[in-house]
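Take the working numbering: the last position of the sequence shown gets the number 320, and nothing is skipped along the way. Even glycine gets a Cβ: it sits at the ideal position worked out from N, Cα and C. These numbers were taken from a predicted model, which means no experiment stands behind them. Step one of this worksheet: look at the structure below.
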Amino acid sequence: MMEIRTPKTGKAKRVLEKRAPKLVETGKKTLILHGTKTSATLSSVLMELYRLKKGGAIRYSRRNENIRPFESGGETSLEFFSQKTDCSIFVYGSHTKKRPDNLVLGRMYDHQVYDLIEVGIENFKSLLAFSYDKKFAPHEGSKPFICFTGEGFENVPELKHLKEVLTDLFRGEVVDNLNLTGLDRAYVCSAISPTKVFLTHCALKLKKSGSIVPRMELVEVGPSMDLVIRRNRLPNDSLMKEAMRTSKDKPKKKVKNVDQDAVLGKTGKIYMPDQKLGDMKLLDKSKGLKRERKEAKLKHKEETVSKKMKESSE
């Protein structure tokens, strides 16, 4: 039987709580791995991906001979590294005669391989191949724009799959609001054909436009490359259903006697109990009686005066 080990220190408990499933997941970390053989181009690609994801990526530069993501049994090492580093996305580079400059992008669910897509690298241009004003260089860890252009991302299944993986790879932390001054980079993906995508990294320049919203200009800062789709593997239905499961939100408690009206807006009903006015006590009851007596005396006095004046006139 397997021994179930429980955390004994506060630090170990906090680490396990960080790795526990959450309703709103934090930014996904990326694991970058080298295969048995890598070319100079592929090593540059992996290094520059690590620089772009710095702060949210872990890179192992040693060669890994036992990783074969598309073969049965070749996923064990990947799952081990994923559990060790708590990474949910991986980039694996290998170079063979049959598949030169090969890059495998994949996602993990519960430290198991969820889906895979394999692309070939062509027309790669490094960061050093671009000349631009260094003051426009993107800051480390900034939130990027991701732009997908081309109908293929909506119609071709392989390109739709690549779009999902690239979005998870580059988007970083999920946030509700953005500050325009913090947006300084963009990833532009253009579908050239049903099997080829041009990917480039650009810096954003904010300029005056005469309105509140500034005008944006793109400055290509690299790297850039063509991604040629080779193989892909989608998750099976049961794994996808389990990964897409979310916790049911508790239904809001209905407020009684409150309705929404298109004209009046929010309306409500108020129920009042029967009021027995006959049994209600008057707080100033004595003062009321004194006033009545005083009025009666004045009336009696006026009547007697008028009566005497009438008798004297006779």
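Around the C-beta of E309, are 16 or more other C-beta atoms found within 10 angstroms, so that it is buried, or is it exposed? exposed
If we call anything under 8 Å between Cβ atoms a contact, is L55 one with N238? no
Confirm, please, whether the CB-CB distance from D232 to E124 is below 8 Å. no
Could you give the residue range of the alpha helix (DSSP H) that holds K213? Premise fails: K213 lies in the beta strand (DSSP E), 202-213, not in any alpha helix (DSSP H).
Which same chain residues end up closer than 8 Å to N72 when comparing Cβ atoms and leaving out the 5 residues on each side of it in sequence? G80, T82, S83
Going by DSSP, which residues form a beta bridge with H40? R69, G99
Contact the stretch 112-121 vs the stretch 157-166: 3+ CB pairs below 8 Å: no
Output the boundary residues of the beta strand (DSSP E) element that contains E179. Run containing E179: none; DSSP gives neither H nor E here.
Across which residues does DSSP place V162 in a beta bridge pair? V162 pairs with nothing; no bridge assigned.
Spatial distance of L165 from P200 (CA atoms): 7 Å
Please name the residue in R25, R105, F86, L111 whose C-alpha comes closest to that of I95. L111
Assign H306 to buried or exposed, taking buried as 16 or more other Cβ atoms, counted over all protein chains shown, within 10 Å of its Cβ. exposed
Is S217 helix, strand or coil by DSSP? coil
Which of helix, strand or coil DSSP assigns to S230: strand
Taking the alpha-carbon positions, what's the L205 to L186 distance? 23 Å
Comparing C-alpha positions only, which one of K104, L134, S132, K140 sits nearest to G126? K104
Quick one: using the 10 Å Cβ neighbour count with 16 as the cut-off for buried, is A26 buried or exposed? exposed
Suppose the cutoff is 7 Å on Cβ atoms and the five residues either side in sequence are ignored; what does the same chain contact list for E223 look like? K211, K213
Quick one: grab the DSSP three-state call for Q89. helix
Proximal residues to S50 (C-beta, below 6 Å), its chain only, five neighbours per side dropped: S132
Using the three-state DSSP reduction, which class does D107 fall into: helix, strand or coil? coil
For F142, three-class secondary structure by DSSP: helix
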